[in-house]
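Report on the structure given below.
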Amino acid sequence: MIVHWTLFLPALALLLVPIALFHGPKVRYRGIAHDWRDIWKQTFALGLHTVDFCRATLGAWWLLESLQKGAHATGAMRFAVPATGAAVLLSATLLQTTFRAKPDSVHAPFVFLGGLVFGFYPPAIAAYALLLATVTAFGTKAPAVFFPILAFALPGVGSLFARGLLPSLVVGSLVALLPWLWSLLFSREMVVSYRGRRPSEGSSSAHPHRA
């Protein structure tokens, strides 16, 4: 395996730093199972969502470009590239999901996962898989299904466009499932961050906490 460190290290920096580190006192959390009608504007007004998408896209792209199979890789070394990529993506998603959410909850990293998919996979596969997951989540009014639908959509759509990417797409499926499975296994509510209008001093919803 050949590692281009000038891309690999910046990719790690972009992907592994939890976005919640930058949540200030005006950031609030809302359960994704609740009605969002009264917080749509505040959700889109939180500029960190845009930052999260852009850094996930760039980080995933640099990660992909930084790892290459050697010309004479044999045996276990053939799996070094996908294994390393999988380890980084799974670790990054776990950090974004679990770090500093309010008590007994986990972040729902919709935007971060969207960036990972666009950065790591061809545009057609990423666009169709994300569109299917998003439309299903909105249509069923069950935002949490975004994660399992994306997990099934990636290899399903990928098999139509590029069958040779199937091992990489399976990794994407595991990454997409991780937040949903973590929430189920540890019975924690999935929450989304948004910009609060009038945060109250000392309020548990006004300051993010470690889960």
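Residue numbers (the numbering used here): 2 to 212.
Glycine included, every Cβ here is placed at the ideal spot set by N, Cα and C.
query	result
Same chain, Cβ closer than 7 Å to Thr135, five either side skipped, listed in chain order	Phe147
Rounded C-alpha distance that separates Tyr30 from Pro180	16 Å
Nearest-angstrom beta carbon gap, Trp62 and Gly120 [assumed within contact, 8 Å]	4 Å
Inter-residue Cα distance where the pair is Leu186 and Pro104	16 Å
The beta strand (DSSP E) enclosing Val158, as first and last residue numbers	Premise fails: Val158 lies in the alpha helix (DSSP H), 147-162, not in any beta strand (DSSP E).
Classification of Phe54 by the beta-carbon crowding that lies within 10 angstroms, buried from 16 upward	buried
As assigned by DSSP and simplified to three states, the class of Val82	helix
Residue closest to Thr7, alpha-carbon to alpha-carbon, out of Leu64, Pro156, Ala152, Ser169	Leu64
Per DSSP, the bridge partner or partners of Met191	Val107
Three-pair Cβ contact test at 8 Å for the segment 114-131 versus the segment 41-50	no
Presumed contact (8 Å Cβ cut-off) between Gly159 and Leu167, rounded CB distance	6 Å
Closest Cα partner of Glu190 within the set Leu182, Ala128, Ala125	Leu182
Paired residues, beta bridge with Leu69 - DSSP	Rather than Leu, the amino acid found at residue 69 in this sequence is Gln. Its beta-bridge partners are Ile3.
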